[in-house]
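To keep things clear, I will list the structure first and then write my remarks on it.
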Amino acid sequence: MSTDTLPNPEKSPEKPAGELIRLEQVTKRFGDNTVLDHLDFSVAAGKHVTLIGPSGSGKTTILRLLMTLLKPDEGTITVDGQQLFPANEKQRREVRKQIGMVFQQFNLFPNMTVLRNITEAPVTVLGMSRDEAVERAKDLLDMVGLADKCDAHPAQLSGGQQQRVAIARALAMRPKVLLLDEVTSALDPELVAGVLDLLRDIARSTDITMLCVTHEMNFARDISDQVLMFDSGRVIEAGAPEKIFSEPEHDRTREFLSAVL
Amino acid sequence: MNWDWNAVSEFMPHFWDGLLVTLQILVLGSAISFALGLVWALLMRVPSRWVTWPVGVVTEFVRNTPLLVQLFFLFYVLPEWNVTFSALTTGVVGIGLHYSTYTMQVYRAGIEAVPVGQWEAATALNLPLRRTWTAVILPQAVRRVVPALGNYVISMLKDTPLLMAITVLEMLGEARLFSQQNFQFTEPLTVIGVAFIVISYLASLALRALERRLVH
Numbered sequence: 001m002s003t004d005t006l007p008n009p010e011k012s013p014e015k016p017a018g019e020l021i022r023l024e025q026v027t028k029r030f031g032d033n034t035v036l037d038h039l040d041f042s043v044a045a046g047k048h049v050t051l052i053g054p055s056g057s058g059k060t061t062i063l064r065l066l067m068t069l070l071k072p073d074e075g076t077i078t079v080d081g082q083q084l085f086p087a088n089e090k091q092r093r094e095v096r097k098q099i100g101m102v103f104q105q106f107n108l109f110p111n112m113t114v115l116r117n118i119t120e121a122p123v124t125v126l127g128m129s130r131d132e133a134v135e136r137a138k139d140l141l142d143m144v145g146l147a148d149k150c151d152a153h154p155a156q157l158s159g160g161q162q163q164r165v166a167i168a169r170a171l172a173m174r175p176k177v178l179l180l181d182e183v184t185s186a187l188d189p190e191l192v193a194g195v196l197d198l199l200r201d202i203a204r205s206t207d208i209t210m211l212c213v214t215h216e217m218n219f220a221r222d223i224s225d226q227v228l229m230f231d232s233g234r235v236i237e238a239g240a241p242e243k244i245f246s247e248p249e250h251d252r253t254r255e256f257l258s259a260v261l
Numbered sequence: 001m002n003w004d005w006n007a008v009s010e011f012m013p014h015f016w017d018g019l020l021v022t023l024q025i026l027v028l029g030s031a032i033s034f035a036l037g038l039v040w041a042l043l044m045r046v047p048s049r050w051v052t053w054p055v056g057v058v059t060e061f062v063r064n065t066p067l068l069v070q071l072f073f074l075f076y077v078l079p080e081w082n083v084t085f086s087a088l089t090t091g092v093v094g095i096g097l098h099y100s101t102y103t104m105q106v107y108r109a110g111i112e113a114v115p116v117g118q119w120e121a122a123t124a125l126n127l128p129l130r131r132t133w134t135a136v137i138l139p140q141a142v143r144r145v146v147p148a149l150g151n152y153v154i155s156m157l158k159d160t161p162l163l164m165a166i167t168v169l170e171m172l173g174e175a176r177l178f179s180q181q182n183f184q185f186t187e188p189l190t191v192i193g194v195a196f197i198v199i200s201y202l203a204s205l206a207l208r209a210l211e212r213r214l215v216h
């Protein structure tokens, strides 16, 4: 198993160099259902980590915990040395500034233009001037190939276009961590490639840390430094994509991969 | 039954006075019910029983007692505590307050209909709570509820004659006064009946136009 993302019971108390995200003994239950069971794992800065596994295995729950959309029942979550849980709301707001998320259903604001979707948070949260925010938004739209859609409303865009706007919106906050929650699952098949290509470009050209839940195994293989195989709220296998995809050690991993590949 | 056009023309000056008062009640009453209903709906979302319980009890009470009783209470009982307003002011406040307990439910449904993903996106972008409400949730919620709010405006129009009971001379009040003085009932009542239909129809047209504009 690789060393930097691993369940590691003998972890040293001080923060290892370059570690950006750390979950320690995190437990999350929904009613009687324990989705994460004393989970430990960490992600080094700049790494691209893909979480795979059957549905209900807790992958998405981890992203939602990191985005503070859920609260853990037990355990601590640290981002860049600052505690996200447990913490008060004020501190959580601070820590959250470093995290961006792209959702399965895009979740663009339908009442705002594409441009305003992207500038809203930089202006109101980061205090950026409107002119600067607009300029940056236009650069980002250019990057995602939608420079001509500034004044469109989300409802006028295809799913793939909406998702690319959502990616631009998340990047506009200059997060250190980008959480990608099954970002192509809601797209028509012919639109998937465009979004994945964009994410490949971002992975290649920036030093942003990515945590990605996906069922697109080719994409996972392309962009990941690390693949974590989840089952029943635990990481059962972790390693470089070449290794996980070509010679998985665990039976469950083999079963899962043969089902999805 | 004789139809007397002279009676109609004699009634018209009174009719215009009444129409003006009816429209005042409708416009101001709607404004109060829209604003206050939103306040109630937002207060009901405060995560504290100390807020939601009293608001819930008061609005439930107002919604489930007759408007006419409330108008009498405001007009005849409040002055005993030295709180006195003109009949028209009392009526407008009364009808606005009464309808605010309906519009609050409309707003609540509209707010709940905003997908949870919108809240999540706002959290992911770290928008402050106030900004989430004003820039994301309410614009979407209000757009959804315009048709339902409009229906209450038309419903309110049909309740405006109740204000006659507290001496407000709106259309029905003028018609009744004219009838009693001239012993001619048919003409004034017919005139205001037509006026109610015309106002309802115009209001529903305006409403549909507004809905179309809000589709985007």
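Sequence order for the protein chains is A and B. Sequential numbering from 1 applies to the first sequence in full-length UniProt numbering. Sequential numbering from 1 applies to the second sequence in full-length UniProt numbering. The beta carbon of each residue, even a glycine, is placed where N, CA and C say it ideally should be.
Asked                                                                                                                        : Found
Residues of the segment 50-74 of chain A with Cβ closer than 9 Å to any Cβ of chain B, in chain order                        : R64, M67, T68 and L69
Own chain, CB closer than 7 Å to P188/B, minus 5 neighbours either side, in chain order                                      : F11, A175, F178 and S179
Contact set between V125/A and chain B, taken where Cβ atoms lie within less than 9 Å                                        : L125, N126, L127, P128 and R131
Runs of beta strand (DSSP E) lying entirely within the segment 108-184 of chain A, each at least 3 residues, in chain order  : 177-181
Limits of the unbroken beta strand (DSSP E) element including V174/B                                                         : Per the sequence shown, residue 174/B should be read as Glu rather than Val. Careful: E174/B lies outside any beta strand (DSSP E), inside the alpha helix (DSSP H) at M171 to N182.
Minimum Cβ-Cβ distance from P188/B to chain A less than 8 Å                                                                  : no
Below-8 Å beta-carbon distance, D4/A vs any chain B residue                                                                  : Residue confidence is low: D4/A scores 46 on pLDDT, short of 50, so the model does not pin down where it sits. Its coordinate-derived value is still stated next. So no, D4/A is outside the interface.
Residues bridged to Q42/A [DSSP beta-bridge criterion]                                                                       : The question names Gln, but residue 42/A in the sequence shown is Ser. Answer by DSSP bridge pairing, in chain order: R22/A.
Positions along the segment 90-120 of chain B whose CB lies within less than 7 Å of some CB in chain A                       : G117, Q118 and E120
Same chain only: Cβ atoms within 7 Å of E211/B, ignoring 5 sequence neighbours per side                                      : V146 and P147
Pairwise C-alpha distance: W16/B and T132/B                                                                                  : 46 Å
Bridge-paired residues (DSSP) for G100/A                                                                                     : L178/A
Contact list for the segment 130-157 of chain B against chain A, Cβ threshold 9 Å                                            : R131, A135, V136, P139, Q140 and R143
CA-to-CA distance, T186/B to A7/B, given in whole angstroms                                                                  : 9 Å
Beta-carbon proximity list for V260/A, same chain, < 7 Å, skipping 5 on both sides                                           : H215 and M217
Through-space distance from L69/A to I77/A, alpha-carbon basis                                                               : 13 Å
Residues sharing a beta bridge with T78/A, DSSP                                                                              : R22/A and Q83/A
Simplified DSSP assignment, three categories, for H48/A                                                                      : strand
Beta-carbon contacts of R130/B that lie in its chain and below 8 Å, excluding the five residues immediately before and after : none
Boundaries of the alpha helix (DSSP H) in which I208/A is found, first to last residue                                       : Per DSSP, I208/A belongs to no alpha helix (DSSP H) and is neither H nor E.
Beta carbon proximity, M1/A to chain B, threshold 8 Å                                                                        : Low per-residue confidence applies at M1/A: pLDDT is 40, beneath 50, and the placement is therefore not dependable, though the value from the model is reported in the following sentence. Not one chain B Cβ lies under 8 Å of M1/A.
Cutoff 6 Å; reference F103/A; Cβ partners in own chain excluding five residues on either side                                : D181
CA-to-CA distance, I137/B to I197/B, given in whole angstroms                                                                : 35 Å
L187/A, DSSP secondary structure in three states                                                                             : coil
Bridge partners - E237/A, DSSP secondary structure assignment                                                                : M229/A
DSSP bridge partner residues for L36/A (one or two, in chain order)                                                          : K28/A
Partners in chain B for K90/A, counting only beta-carbon separations shorter than 9 Å                                        : Per Cβ cutoff of 9 Å: no residues; K90/A is ~11 Å from chain B at best.
CA-to-CA distance, R29/A to I52/A, given in whole angstroms                                                                  : 20 Å
Short CB-CB distance (under 8 Å) between K97/A and chain B                                                                   : yes
C-alpha gap between P189/A and A203/A, whole angstroms                                                                       : 22 Å
Within-8 Å CB hit, M210/A to chain B                                                                                         : no
I167/A versus D251/A, G194/A and D148/A, residue with shortest Cα-Cα distance                                                : G194/A
Expected contact under 8 Å - CB spacing of L178/A and G100/A to nearest Å                                                    : 5 Å
Counted within 10 angstroms of its Cβ, other Cβ atoms place N88/A as buried (16 or more) or exposed                          : exposed
Contact list for the segment 102-131 of chain A against chain B, Cβ threshold 7 Å                                            : F103, Q105, N107, F109, P110, N111, E120, A121, T124 and V125
S224/A beta carbon less than 8 Å from that of P241/A                                                                         : yes
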